[in-house]
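Worksheet for the structure shown next.
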DNA sequence: TTCAATTTTGACTATATGCTCTATTTTATA
DNA sequence: TATAAAATAGAGCATATAGTCAAAATTGAA
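Residue numbers (my numbering), protein chains in the order written: chain W, 1 to 199; chain R, 200 to 398.
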């Protein structure tokens, strides 16, 4: 049964912006945080780097966020959520893989955050790790169902094993794209899909 | 033509240890740096974390290394080098992939450093990025030659494309192993090899 | 056993960091 | 246009950080 990702740990860490400028400032701060997280990771980001890039002073930052971690966690959550497309319950594997390719290419700063979290924060930060694991779980479930819709003869276990391989490889392709912007992400994911479908 | 990785930027940053205790201390510091780099990445590591874990005070550290970065760079270089096995010039693809699996499982702290560098430091640190790129280049070369020894009918381009896909997927498998220690690295790399060989 | 070279310690420095607080400016509404 | 709420700047605080240095302890060769 497909479960939806529900944000159960909604922090009260983020203060509400009421005026338009405040909302814009909040978005600039999150954008700066997003970029920086992709560059230096959860453990390397500093407040000064965030505020400098967002073009605000510390006071403005703390008018909108309780702590540095609140902004970081907001962006990390966003990245973990954004990698999964909205669900109709009947997507094909192609749809899901397309969505992945789109995420990596069209939302590359979020994709970088996602990959950073995959290699780093899953071991250092408990709430980030839990959220990441939940998303991972959900994604495997969804891919597995899509694969079995295509190939009903596959056992649950075999389908899941193939999907885990597929998703792991896709993450590797995402990193390859970071390293070399010329990496043929679409072509390689297509080939990987063929392997996944092969009986 | 296979080129060997030669350390052309040998830094004079590391001071020589003369006595046995000094050499042991140096190794403890590098071990601590290795573990921490795998956990928090190049941008997140601190001197205090290194010295605390190594069980030394700042003065001892600076007796052996000129800067924090010197120790970091030493470990990063080591990790980038260690992923490639010594060459006889006639390894099979299986040999190379086995070596990769071994690196990931038997030298996991270095493997973590390697993956950290792959997603992070390639964009922030010029000397690390260059060294990483060189290793990447070399690895692709080596894998491609091995593949063409097996399948001589493959064009250079096709072989290279398959190898790039293979290596990218392996990195993804490495991350999957970090996230879930139960991930079947050996089995999945074997399947990935089959795809790589398929005509 | 002596002793010069090496290693270690830990106090110290300067700067960076996360965050607070108040005064000032800006915004939206009536 | 007056006004209360919201946003901003930036000085200031406590702690963390990278790195220095001189004195004390340890090492190993003669």
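Ideal Cβ placement from N, Cα and C applies to all residues, glycine included.
Legend entry - Residue burial classification, residue 208(W) (beta-carbon count within 10 angstroms, cutoff 16): This structure gives no information on residue 208(W), because the portion of chain W shown stretches from 1 to 199.
Inset, instruction - Mind listing the chain R neighbours of residue 115(W)? Cutoff is C-beta to C-beta under 7 angstroms, in chain order. - result: Your numbering for residue 115(W) matches position 115 in the first chain. Within chain R, the residues near residue 115(W) are 318.
Legend entry - Host alpha helix (DSSP H) of residue 352(R) (start-end): Numbered from its first residue, the second chain carries residue 352(R) at position 153. Element bounds for residue 352(R): n/a, residue is neither H nor E.
Inset, instruction - Put residue 207(R) into one of helix, strand or coil per three-state DSSP. - result: For the purposes of this step, residue 207(R) is taken as residue 8 along the second chain, with counting starting at 1. Annotation note: pLDDT 36 at residue 207(R) (below 50); position unreliable, no value reported.
Inset, instruction - Per DSSP, which residues does residue 264(R) bridge with? Please list them. - result: Here residue 264(R) refers to the residue found at position 65 of the second chain. According to DSSP, residue 264(R) bridges with 213(R).
Inset, instruction - Ignore the nearest five residues each way along the sequence and tell me which others in residue 226(R)'s own chain have a CB closer than 8 angstroms to its CB. - result: Locating residue 226(R) in the second chain gives position 27, where the first residue counts as 1. Here the set comprises nothing.
Legend entry - Close Cβ partners of residue 118(W) (< 8 angstroms) along its chain, the five nearest in sequence each way excluded: For this step, residue 118(W) is matched to residue 118 along the first chain. Hits under 8 angstroms: 132, 171.
Legend entry - Beta-carbon contacts of residue 201(R) that lie in its chain and below 6 angstroms, excluding the five residues immediately before and after: On the second chain, position 2 is the one that residue 201(R) refers to. With a pLDDT of 35 at residue 201(R), under the threshold of 50, the predicted position of this residue should be treated as unreliable, and no value is reported.
Inset, instruction - For residue 276(W), count neighbouring C-beta atoms within 10 Å of its own C-beta (all shown protein chains included) and say buried if the count is 16 or more, exposed if not. - result: Residue 276(W) cannot be examined here, being either before or after the span of chain W that is shown, 1 to 199.
Inset, instruction - Report the residue ranges of all alpha helix (DSSP H) runs contained in full by the segment 29-66 of chain W; include only those spanning at least 4 residues, in chain order. - result: 47-54, 58-64
Legend entry - N- and C-terminal bounds of the alpha helix (DSSP H) containing residue 304(R): Sequence index remark: in the second chain, residue 304(R) carries index 105 (1-based). Unbroken alpha helix (DSSP H) run through residue 304(R): 292-305.
Legend entry - Cβ shell of residue 8(W) (< 8 angstroms), same chain only, five flanking positions each side left out: Indexing the first chain from 1 puts residue 8(W) at position 8. Reliability fails at residue 8(W), whose pLDDT of 35 lies under 50, so the model's placement of it is uncertain and the value that follows must be treated cautiously. So no residue of the chain qualifies.
Legend entry - Per-residue DSSP class, three states only, for residue 112(W): The sequence position of residue 112(W) within the first chain is 112, counting from 1. Residue 112(W): helix per DSSP, three-state reduction.
Inset, instruction - Let me know if residue 41(W) comes out buried or exposed under the rule of 16 or more other beta-carbons within 10 Å of its beta-carbon. - result: Locating residue 41(W) in the first chain gives position 41, counting from the first residue. It is buried - the Cβ of residue 41(W) has at least 16 other Cβ atoms within 10 Å.
Inset, instruction - Starting from the beta carbon of residue 387(R), find every residue of chain W whose beta carbon is closer than 9 angstroms, and list them in chain order. - result: On the second chain, position 188 is the one that residue 387(R) refers to. Chain W residues near residue 387(R): 161, 164, 165, 168, 169.
Legend entry - Three-state secondary structure assigned by DSSP to residue 335(R): Within the second chain, the letter at position 136 stands for residue 335(R). Of the three classes helix, strand and coil, the one that applies to residue 335(R) here is helix, per DSSP.
Inset, instruction - Determine, using beta carbons only, whether residue 238(R) comes closer than 7 angstroms to chain W. - result: Within the second chain, numbered from 1, the residue matching residue 238(R) stands at position 39. For residue 238(R), the answer is yes, since a Cβ of chain W falls inside 7 angstroms of its Cβ.
Inset, instruction - Output the distance between the C-alpha atoms of residue 138(W) and residue 368(R), rounded to the nearest integer angstrom. - result: Position 138 of the first chain holds residue 138(W). Position 169 of the second chain holds residue 368(R). Between residue 138(W) and residue 368(R), the C-alpha separation is close to 21 angstroms.
Inset, instruction - Would you give the residue range spanned by the alpha helix (DSSP H) that residue 386(R) belongs to? - result: Locating residue 386(R) in the second chain gives position 187, where the first residue counts as 1. It spans 384-396 - the alpha helix (DSSP H) in which residue 386(R) sits, taken as one unbroken run.
Inset, instruction - Use the C-beta contact count for residue 32(W): other C-beta atoms within 10 angstroms, 16 or more gives buried, fewer gives exposed. - result: Indexing the first chain from 1 puts residue 32(W) at position 32. Residue 32(W) should be labelled buried.
Inset, instruction - Compare the beta carbon distance of residue 350(R) and residue 391(R) with 7 angstroms and say whether it is the shorter of the two. - result: Translated into positions along the second chain, residue 350(R) becomes position 151. Translated into positions along the second chain, residue 391(R) becomes position 192. No, the Cβ-Cβ distance between residue 350(R) and residue 391(R) is not below 7 angstroms.
Inset, instruction - May I ask you to verify whether the segment 81-90 of chain W touches the segment 102-115 of chain W, counting CB pairs closer than 8 angstroms and requiring at least 3? - result: yes
Inset, instruction - Report the rounded CA-to-CA distance for residue 289(R) versus residue 355(R), giving the unit in angstroms. - result: What you label residue 289(R) is simply residue 90 of the second chain in a count that begins at 1. What you label residue 355(R) is simply residue 156 of the second chain in a count that begins at 1. Distance between the alpha carbons of residue 289(R) and residue 355(R) is about 17 angstroms.
Inset, instruction - Could you check what DSSP says for residue 378(R) in three-state terms: helix, strand or coil? - result: As a position in the second chain, residue 378(R) is number 179, starting the count at 1. The answer is helix: DSSP assigns residue 378(R) an H, G or I state.
Inset, instruction - For the alpha helix (DSSP H) containing residue 124(W), list its first residue and its last residue. - result: In the first chain, the residue the question calls residue 124(W) occupies position 124. Note, residue 124(W): alpha helix (DSSP H), 121-124.
Legend entry - Cut-off 6 angstroms between Cβ atoms - residues of its own chain near residue 11(W), not counting five sequence neighbours on either side: Position 11 of the first chain, counting from 1, holds the residue named residue 11(W). Low local confidence applies: a pLDDT of 48 at residue 11(W) is under 50, so the model's placement there is unreliable, and no value is given.
Inset, instruction - Check the Cβ-Cβ distances between residue 195(W) and every residue of chain R, and say whether any is below 7 angstroms. - result: Your numbering for residue 195(W) matches position 195 in the first chain. True, the Cβ-Cβ gap to chain R drops below 7 angstroms.
Legend entry - Residue nearest to residue 322(R) in terms of C-alpha spacing, selected from 105(W), 199(W), 30(W), 38(W): In the second chain, residue 322(R) corresponds to position 123, counting from 1. The shortest Cα separation from residue 322(R) among 105(W), 199(W), 30(W), 38(W) belongs to 38(W).
Legend entry - residue 76(W) versus 87(W), 114(W), 57(W), 52(W), residue with shortest Cα-Cα distance: Locating residue 76(W) in the first chain gives position 76, where the first residue counts as 1. Per the Cα distances, 114(W).
Legend entry - Cβ neighbour criterion (16 or more within 10 Å) applied to residue 217(R): Reading the second chain from its first residue, position 18 is the one you call residue 217(R). Exposed, because fewer than 16 other Cβ atoms sit within 10 Å of the Cβ of residue 217(R).
Legend entry - Of the listed residues 213(R), 398(R), 346(R), 377(R), nearest to residue 294(R) (C-alpha basis): Taking the first residue of the second chain as 1, we reach residue 294(R) at position 95. Of the listed residues, the one whose Cα sits closest to residue 294(R) is 346(R).
Inset, instruction - Determine whether the Cβ of residue 44(W) lies closer than 7 angstroms to any Cβ atom of chain R. - result: Start at 1 with the first residue of the first chain, and residue 44(W) comes out as number 44. Yes, because at least one Cβ of chain R sits closer than 7 angstroms to the Cβ of residue 44(W).
Inset, instruction - Using only alpha-carbon positions, find the residue among 135(W), 153(W), 177(W), 160(W) that is nearest to residue 363(R). - result: Taking the first residue of the second chain as position 1, residue 363(R) is located at position 164. Residue 363(R) has its Cα closest to that of 177(W), out of 135(W), 153(W), 177(W), 160(W).
Legend entry - Under 7 angstroms between C-beta atoms of residue 214(R) and residue 263(R): As a position in the second chain, residue 214(R) is number 15, starting the count at 1. As a position in the second chain, residue 263(R) is number 64, starting the count at 1. Their beta carbons are under 7 angstroms apart, which means residue 214(R) touches residue 263(R) by this criterion.
Inset, instruction - Go through its chain and collect everything with a Cβ distance to residue 72(W)'s Cβ below 8 angstroms, but skip five positions before and after it. - result: Looking up residue 72(W) in the first chain gives position 72. If we look at residue 72(W) and ignore the five residues flanking it on each side, its Cβ neighbours are 33, 37, 42, 45.
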